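To start, the structure itself, in structure tokens.
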């Protein structure tokens, strides 16, 4: 049975979802814009473009560290207050990043800016799910997640263009301003929820030892990695194998983002219809389109088409977020936040494995085969977890039967 979240209906539910999605838009823009400004950052801070990768890794590490840490320490903080506080830290982290006096201070500040990421999305998902009937939870979560996917289509390209024109620092200042606007909108439109008097760090940490939670996070960490295996190298792949002009690069990323938006919306409907069937079916779709990219990448038009199809892998997000709500019990905040930590682990895993494969002499499009293998791994983890879950349920049923006798 899914965990029942006390419904706190917003007076203006769509404005509340917009406020939460705007925060996701700012976070997504901050996360992805640096990939388009690497050379500018490197030049100003006197390092190589490759060194800027440390700043990207530092941000991802901040997400992984911040999700469990903040969820545990802020267990008794009312969710609206926590969301505003997280946006404040995010705003200051990005503005400080723009003012960093040296490269390593920039890396440290990117770590700080990443700390609120996972906890924000986790808490925002819970607030959105609490504001709608239970059969519409996944769609409410997907509307909040639209902020992240829209950032790929609009936020990161616009911020990259502005950063190239007015300096890379402008992009991070702009993200900080978005975060401050988000704080105001959350204060105005997101309903205040009473804090849980029984919440505690210990209770939230129980999520990390729940078998069903861990298997769901395993599916996210491995199954989602395939999308990042392709996305991380999509521009050099098409430039090398399909002779794509450089000016087409930003449009390719936008097409990926459009695929992400469609996948997010469709995946939410599938999850609301039948969650446990949706997860493996979406993973199978991921396997097929990522494998298809390997064959499609030698032609510009088919390559771009499959970039959009790979973007639909975002359909997995709402399904896994909803599944975590169902299996987390009392540790809702921790489980929901850890989904985004797992998402960043998938980012690191997919990019690393695809990079190793390419460096070993495989074609650039072999990233699609790596992605397909990771999607298959996600399916395997899902079914192993499901089998163990059924076995555990049978044992409990037998114990109840014995005790009744």
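In the UniProt record's numbering, the protein residues as written are 1 to 405.
For glycine and all other residues, C-beta sits at the position ideal for the given N, C-alpha and C.
Computed from a prediction, not measured in an experiment: that's the story for all the values here.
Considering only the alpha carbon of each residue, which of 306, 219 and 95 lies closest to residue 281? When each option's Cα is compared against that of residue 281, the closest is 219.
Looking only at its chain, what residues have a beta carbon closer than 6 Å to the beta carbon of residue 15, apart from the 5 residues adjacent to it on each side? Here the set comprises 189.
Got a sec? Which residues, its chain only, sit under 7 Å from residue 155 by beta carbon, not counting five neighbours each side? Residues of the same chain with a CB within less than 7 Å of the CB of residue 155, apart from the 5 flanking positions on each side, are 25, 28 and 29 in chain order.
Flag this pair as touching only if the region 61–74 and the region 160–168 have three or more C-beta atom pairs under 8 Å; answer yes or no. The region 61–74 is not in contact with the region 160–168.
Boundaries (first-last residue) of the alpha helix (DSSP H) holding residue 39: That run of the alpha helix (DSSP H) goes 38–44.
Return helix, strand or coil for residue 274, following the three-state DSSP convention. Correct three-state label for residue 274: coil.
How would you label residue 251, buried or exposed, when you count the other beta carbons within 10 angstroms and need 16 or more for buried? By the Cβ-count criterion, residue 251 is exposed, with fewer than 16 other Cβ atoms from all chains shown falling within 10 Å of its own Cβ.
What residue from 65, 102 and 185 has the CA that sits closest to residue 112's CA? Nearest C-alpha to residue 112: 65.
Selection from 120, 259, 46 and 191 that minimises the alpha carbon distance to residue 150: Of the listed residues, the one whose Cα sits closest to residue 150 is 259.
So what does DSSP say about residue 57, is it helix, strand or coil? Here residue 57 sits in helix by DSSP.
Give every residue of the same chain whose Cβ lies closer than 7 Å to the Cβ of residue 375, excluding the five residues on either side of it in the sequence, and list them in chain order. Closer than 7 Å at Cβ, skipping near neighbours: 223, 226, 283, 286, 287 and 290.
Quick check on residue 232: does DSSP put it in helix, strand or coil? If DSSP states are grouped into helix, strand and coil, residue 232 belongs with coil.
Note down, one range per segment and in chain order, each beta strand (DSSP E) of at least 3 residues found wholly within the region 135–220. If one requires a minimum length of 3 residues, no beta strand (DSSP E) run lies completely within the region 135–220.
In whole angstroms, what separates the C-alpha of residue 392 from that of residue 244? Residue 392 and residue 244 have their C-alpha atoms some 52 Å from each other.
By Cβ distance, which residues of its chain are closer than 6 Å to residue 59, with the 5 residues on each side in sequence left out? Excluding the 5 residues flanking it on each side, residue 59 has same chain C-beta neighbours closer than 6 Å at 110 and 114, in chain order.
With a threshold of 16 other CB atoms inside 10 Å of the CB of residue 23, please say whether the residue is buried or exposed. Under this definition residue 23 is a buried residue.
Going straight from the alpha carbon of residue 399 to that of residue 389, what length do you get? C-alpha of residue 399 to C-alpha of residue 389: approximately 15 Å in a straight line.
Do you know how far the Cα of residue 370 is from the Cα of residue 296? If you take the alpha carbons of residue 296 and residue 370, they lie about 15 Å apart.
Roughly how many whole angstroms lie between the Cα atoms of residue 102 and residue 92? Just so you know, the alpha carbons of residue 102 and residue 92 end up roughly 17 Å apart.
Does DSSP put residue 224 in a helix, in a strand, or in coil? In this structure, residue 224 counts as coil in the three-state DSSP scheme.
Check for me: the alpha helix (DSSP H) holding residue 326 runs from which residue to which? Taken as a continuous stretch (DSSP letters only), the alpha helix (DSSP H) holding residue 326 covers 316–327.
Inter-stretch contact at 8 Å, needing at least 3 Cβ pairs: the region 265–272 / the region 331–344: Touching, no, given that fewer than three Cβ pairs across the two stretches are closer than 8 Å.
DSSP-derived helix/strand/coil call for residue 94: Of the three classes helix, strand and coil, the one that applies to residue 94 here is helix, per DSSP.
Given a cut-off of 7 Å, decide if residue 308 and residue 255 are closer than it, judged by their beta-carbon atoms. One thing to note: residue 255 has its Cβ within 7 Å of the Cβ of residue 308.
Rounded to whole angstroms, how far is the Cβ of residue 242 from the Cβ of residue 303, which I believe are closer than 8 Å? That pair is a contact at about 5 Å.
How do the region 119–132 and the region 326–335 stand: do at least 3 beta-carbon pairs fall below 8 Å, yes or no? Flag = yes, the region 119–132 and the region 326–335 touch.
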